[in-house]
Amino acid sequence: MRIFGLALVGAILAATAHPAAADGLVAAILPTSRSAVTDPGLTGTHAVTVFATVINTSGKDLTQCSIDTSKFVSGLQAVNYAYTLTDPATNLPKGNTGDRFSLRAGASQTMVIAINTSTVIAPVSIRPRFVCSDPSTATVYDALPIDGLDTIVYSASVQQTPDVVALSATTSGDGIVRIQGNGSGAFAVAVSNVGSADTITATVDSGLLPLPLHATLCQTNAGGQCLQAPGTGVSFSLAANATASFAVFVQATGELPFRPDTVRVFVRFADSTQAPRGGTSVAVTNTPTRNAASPVGGIFSTETPFFDPVTGVYRASDGILLVAETGAFQGLNDLGNTTAGVMRIGSDLSLSGSGMDDFATTQGDINAGGYSFTWQGALSQGGSFYAQKKMVNGGSTTDSMQLFAGYQATAYQRTSSFDQIVGAWNFRDAGALIGNISVNEDGSYTGIVAGCQITGQISLIDQRYDMYQMQMTLPTCTVGGIQTLSGLAAVIDDRSPSDTLLFIGSNTAALFGTFEGFTRY
258 MRIFGLALVG AILAATAHPA AADGLVAAIL PTSRSAVTDP GLTGTHAVTV
308 FATVINTSGK DLTQCSIDTS KFVSGLQAVN YAYTLTDPAT NLPKGNTGDR
358 FSLRAGASQT MVIAINTSTV IAPVSIRPRF VCSDPSTATV YDALPIDGLD
408 TIVYSASVQQ TPDVVALSAT TSGDGIVRIQ GNGSGAFAVA VSNVGSADTI
458 TATVDSGLLP LPLHATLCQT NAGGQCLQAP GTGVSFSLAA NATASFAVFV
508 QATGELPFRP DTVRVFVRFA DSTQAPRGGT SVAVTNTPTR NAASPVGGIF
558 STETPFFDPV TGVYRASDGI LLVAETGAFQ GLNDLGNTTA GVMRIGSDLS
608 LSGSGMDDFA TTQGDINAGG YSFTWQGALS QGGSFYAQKK MVNGGSTTDS
658 MQLFAGYQAT AYQRTSSFDQ IVGAWNFRDA GALIGNISVN EDGSYTGIVA
708 GCQITGQISL IDQRYDMYQM QMTLPTCTVG GIQTLSGLAA VIDDRSPSDT
758 LLFIGSNTAA LFGTFEGFTR Y
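Our numbering applies: residue 258 is where the sequence shown begins, and numbers increase by one.
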């Protein structure tokens with residue numbers, strides 16, 4: 258059992274390699290998938306176990322730490338957790354099941370968690386909720402969900418299925434594959450099937466985020482040599498209680514910022530019915546240094562994976578993000594929700610900053626006025642960036658989202674000027690013309706849309722790039738109860754009569770945002 262503890266240390270190091278987060282707790286779990294047997298109606302039978310480590314990154318001494326069983330996230334299914342603290346040197350249990358514990362600032366605690374259910378459950382992503390209290394303020398800290406680090410793909414069937422326990426190992430021993438530039442790296446994976454025999458398929462991917470890398474794997478023999486040419490997947494027979502090993506090769510095709518919670522390579526194992534039966538992951542990076550001659554802003558397409566507590570699975574929303582060279586940003590997702598704020602970009606391309614969103618959190622707490630957030634991440638100049646958005650309510654973190662943003666070089670790396678925007682722009686609803694604005698040579702504009710007068714100003718930011726600052730006033734109407742908006746604009750598509758002047762604006766006082774698309778046709 259000691260091997261679990263060694264592998265878990267690497268996962269925790271990856272989870273905590275960036276500065277301490279406002280939430281104050283981080284956690285890691287291994288293995289990240291278990292397939293159990295259940296007797297419907299008989300709770301407590303056929304439990305499966307995983308190991309977990311929790312670290313206090315709050316900077317304060319915390320007490321009353323536990324797994325809060327009232328907050329488990331597993332869709333609509335009933336999953337029961339029972340934990341026992343362990344000695345990190347031996348992984349042997351100590352104390353009684355469910356003992357609460359304290360964590361001094363910077364300290365960690367290991368435990369073994371038993372999971373069982375009285376129902377049949379198809380494979381679903383679940384997460385024990387690790388919580389602690391600050392006795393001086395009564396603040397409750399809750400480790401935020403990070404897919405592949407503190408989540409478990411769990412299932413329960415009447416008959417035994419394959420149950421593939423997978424562990425990964427990197428040459429550095431810390432769960433991180435470090436690549437020089439657009440070079441390559443590798444790591445190893447070992448599996449043991451503690452369930453029934455079956456044909457298993459191993460695949461490799463970068464999770465929900467389309468990272469700039471190419472990953473392949475092969476099954477290996479006892480000497481570590483590939484048994485077939487590396488590919489994105491390999492099928493093999495795995496008997497009950499049998500083991501197998503694999504080599505995974507990662508080729509960087511772009512910049513991979515050091516974000517161990519987000520920039521990861523996953524190896525997954527599925528049975529003959531394609532049901533997930535095992536998995537593991539490692540962090541990967543080739544973080545560059547900042548180039549003063551390259552843009553730090555951009556027009557980005559975005560994906561935001563988040564945990565849906567209703568379905569118990571991760572999914573993603575798509576959108577567009579405008580980031581000015583000043584660090585100001587405005588975003589829009591596929592549901593029409595907007596976001597706004599300011600980024601700060603360090604010399605090592607680290608991102609920090611804050612902003613606001615005008616929609617509810619993924620935990621399902623509806624907040625009609627929107628919410629504020631902080632974020633941390635890493636920028637890849639002229640490429641992608643990755644960040645973790647942490648929603649803030651009264652100074653406490655309430656939820657978290659991962660953000661991937663893909664750089665649109667053709668759209669951004671062209672000049673901005675008043676010549677590009679002067680003239681008439683039409684506003685249409687489902688193709689029907691309902692208004693227009695006229696932009697003057699100094700960037701001022703006036704118009705009428707849906708019977709509402711519009712006035713405003715468009716200003717240049719950096720003439721090397723396609724990005725404008727834009728203000729809008731509606732003197733005779735209100736939108737969301739407000740009359741003034743400010744934000745960013747860009748000319749989308751190629752410069753032709755069908756160009757679109759996309760404006761994403763907000764009113765931070767009202768935590769309200771909107772977007773408008775003005776076209777030439």
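Idealized CB from N, CA, C, for every residue including glycine.
Keep in mind the model is a prediction, meaning the values are calculated, not measured.
CA nearest to the CA of residue i, picked from the options
{"i": "Asp318", "options": "Leu282, Gly598, Phe526 and Val434", "result": "Leu282"}
{"i": "Val377", "options": "Ile761, Tyr411 and Phe358", "result": "Tyr411"}
{"i": "Thr583", "options": "Leu474, Gln726 and Val448", "result": "Gln726"}
{"i": "Ile678", "options": "Gly634, Gln740, Gly612 and Leu759", "result": "Leu759"}
{"i": "Phe557", "options": "Cys483, Thr667, Asp455 and Thr519", "result": "Thr667"}
{"i": "Ser432", "options": "Val522, Ala766 and Glu560", "result": "Note that residue 432 is Gly in the sequence shown, not Ser. The shortest C-alpha separation from Gly432 is found at Val522."}
{"i": "Asn478", "options": "Gly738, Asp356, Ala447 and Gly663", "result": "Ala447"}
{"i": "Val294", "options": "Phe506, Asp723 and Ser414", "result": "Ser414"}
{"i": "Pro487", "options": "Leu495, His471 and Ala496", "result": "His471"}
{"i": "Thr595", "options": "Glu512, Ile711, Met613 and Asp723", "result": "Met613"}
{"i": "Ser695", "options": "Met724, Val520, Met729 and Asn348", "result": "Met729"}
{"i": "Ile457", "options": "Thr428, Pro392 and Asp528", "result": "Asp528"}
{"i": "Gly430", "options": "Gln740, Val541, Ala400 and Asp615", "result": "Val541"}
{"i": "Ala644", "options": "Asp399, Leu466 and Ile436", "result": "Leu466"}
{"i": "Gly663", "options": "Ser629, Asp356 and Thr559", "result": "Thr559"}
CB-CB length for residue i against residue j, believed under 8 angstroms
{"i": "Val388", "j": "Cys322", "result": "7 angstroms"}
{"i": "Gly762", "j": "Gln665", "result": "Not really, about 20 angstroms apart at Cβ, beyond 8 angstroms."}
{"i": "Leu592", "j": "Leu636", "result": "So it is not a contact: roughly 26 angstroms between Cβ atoms."}
{"i": "Phe772", "j": "Leu589", "result": "5 angstroms"}
{"i": "Val524", "j": "Ala459", "result": "6 angstroms"}
{"i": "Gln476", "j": "Phe493", "result": "6 angstroms"}
{"i": "Ile691", "j": "Ala707", "result": "5 angstroms"}
{"i": "Thr394", "j": "Val369", "result": "Not quite, the Cβ-Cβ distance comes to about 31 angstroms (not below 8 angstroms), so this is no contact."}
{"i": "Ile372", "j": "Val305", "result": "6 angstroms"}
{"i": "Val748", "j": "Asp723", "result": "6 angstroms"}
{"i": "Gln437", "j": "Val553", "result": "Contact doesn't hold; Cβ gap of about 23 angstroms is too wide."}
Which of helix, strand or coil DSSP assigns to residue i
{"i": "Asp344", "result": "coil"}
{"i": "Ile678", "result": "helix"}
{"i": "Asp622", "result": "Confidence in Asp622 is poor, its pLDDT being 33 and thus under 50, which makes the residue's placement too unreliable to answer from."}
{"i": "Ala581", "result": "coil"}
{"i": "Tyr722", "result": "coil"}
{"i": "Thr667", "result": "helix"}
{"i": "His303", "result": "coil"}
Alpha-carbon spacing of residue i relative to residue j, whole angstroms
{"i": "Asp296", "j": "Leu468", "result": "42 angstroms"}
{"i": "Tyr669", "j": "Gly316", "result": "41 angstroms"}
{"i": "Arg361", "j": "Ala284", "result": "15 angstroms"}
{"i": "Ser574", "j": "Gly480", "result": "44 angstroms"}
{"i": "Gly442", "j": "Leu660", "result": "25 angstroms"}
{"i": "Asn439", "j": "Phe586", "result": "29 angstroms"}
{"i": "Phe526", "j": "Arg777", "result": "51 angstroms"}
{"i": "Gly713", "j": "Ser673", "result": "18 angstroms"}
{"i": "Ala689", "j": "Thr757", "result": "15 angstroms"}
{"i": "Asn683", "j": "Phe775", "result": "5 angstroms"}
{"i": "Gly700", "j": "Phe642", "result": "31 angstroms"}
{"i": "Leu474", "j": "Asn498", "result": "22 angstroms"}
{"i": "Ser611", "j": "Ile324", "result": "30 angstroms"}
{"i": "Val422", "j": "Arg291", "result": "7 angstroms"}
{"i": "Asp455", "j": "Ala501", "result": "13 angstroms"}
{"i": "Gly363", "j": "Ile312", "result": "7 angstroms"}
{"i": "Thr735", "j": "Ala687", "result": "22 angstroms"}
{"i": "Val381", "j": "Tyr338", "result": "15 angstroms"}
{"i": "Ser365", "j": "Thr320", "result": "12 angstroms"}
{"i": "Ala504", "j": "Thr428", "result": "12 angstroms"}
{"i": "Ala532", "j": "Leu513", "result": "30 angstroms"}
{"i": "Gly704", "j": "Ser716", "result": "17 angstroms"}
{"i": "Gly511", "j": "Gly738", "result": "44 angstroms"}
Residue i, buried or exposed, once every other Cβ within 10 Å from all chains shown has been counted against 16
{"i": "Lys646", "result": "buried"}
{"i": "Arg516", "result": "buried"}
{"i": "Asp622", "result": "For Asp622, the pLDDT reaches just 33, beneath the cut-off of 50, and the residue's location in the model is therefore unreliable, although a value from the coordinates is still provided. It counts as exposed."}
{"i": "Gln416", "result": "exposed"}
{"i": "Asn802", "result": "Absent from the structure is residue 802, since the part of the chain shown begins at 258 and ends at 778."}
{"i": "Arg534", "result": "buried"}
{"i": "Arg386", "result": "buried"}
{"i": "Gly405", "result": "buried"}
{"i": "Asn764", "result": "buried"}
{"i": "Gly770", "result": "buried"}
{"i": "Ser743", "result": "buried"}
{"i": "Ser425", "result": "buried"}
{"i": "Leu287", "result": "buried"}
{"i": "Ala766", "result": "exposed"}
{"i": "Thr347", "result": "exposed"}
The ligand GTP heavy atom lying under 6 angstroms from the CB of residue i
{"i": "Asn764", "result": "Absence of the ligand GTP from the depicted structure is noted, as is the absence of any ligand whatsoever, leaving it without description."}
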